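Report on the structure given below.
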Amino acid sequence: MIADLIALADPQEVVVGGSWGPALLDDILAAATWAPREVPVRTTTLTTDPVLTGVRAAALGRLREDVASR
2 MIADLIALAD PQEVVVGGSW GPALLDDILA AATWAPREVP VRTTTLTTDP
52 VLTGVRAAAL GRLREDVASR
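If you read the sequence shown in the working numbering, its first letter stands for residue 2, the second for the next number, and so on.
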């Protein structure tokens, strides 16, 4: 499934989160070898609510772009 996601989404990097991420990293790396191209795979360094952290970072980036373009 990881190889399929890489083929479909064409990501620059795959970041595995959650409490199970580190435990499954070796299996995910093995599955990624079937991908059509090599993509770095790593676990997240965030420990508290990574989804909200990512959304906040994206929103701040968009706000900065909007303010800078005026």
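For every residue, glycine included, the Cβ atom is placed at its ideal position computed from N, Cα and C. Model, not experiment: these values are computed from the prediction.
CA-to-CA distance, residue j to residue i, given in whole angstroms
i, j, result
"L53", "T46", "14 Å"
"L26", "I7", "16 Å"
"P41", "L9", "16 Å"
"L64", "S70", "10 Å"
"M2", "A58", "28 Å"
"L61", "P51", "15 Å"
"G19", "D67", "32 Å"
"D28", "V56", "28 Å"
"R43", "V17", "6 Å"
Boundaries of the beta strand (DSSP E) in which residue i is found, first to last residue
i, result
"V40", "Note, V40: premise wrong, no beta strand (DSSP E); not H, not E."
Beta-ladder partner(s) of residue i, from DSSP
i, result
"V16", "R43"
Boundaries of the alpha helix (DSSP H) in which residue i is found, first to last residue
i, result
"V71", "The residue asked about is misnamed: residue 71 is Arg in this sequence, not Val. R71 -> no alpha helix (DSSP H), and no H or E assigned at all."
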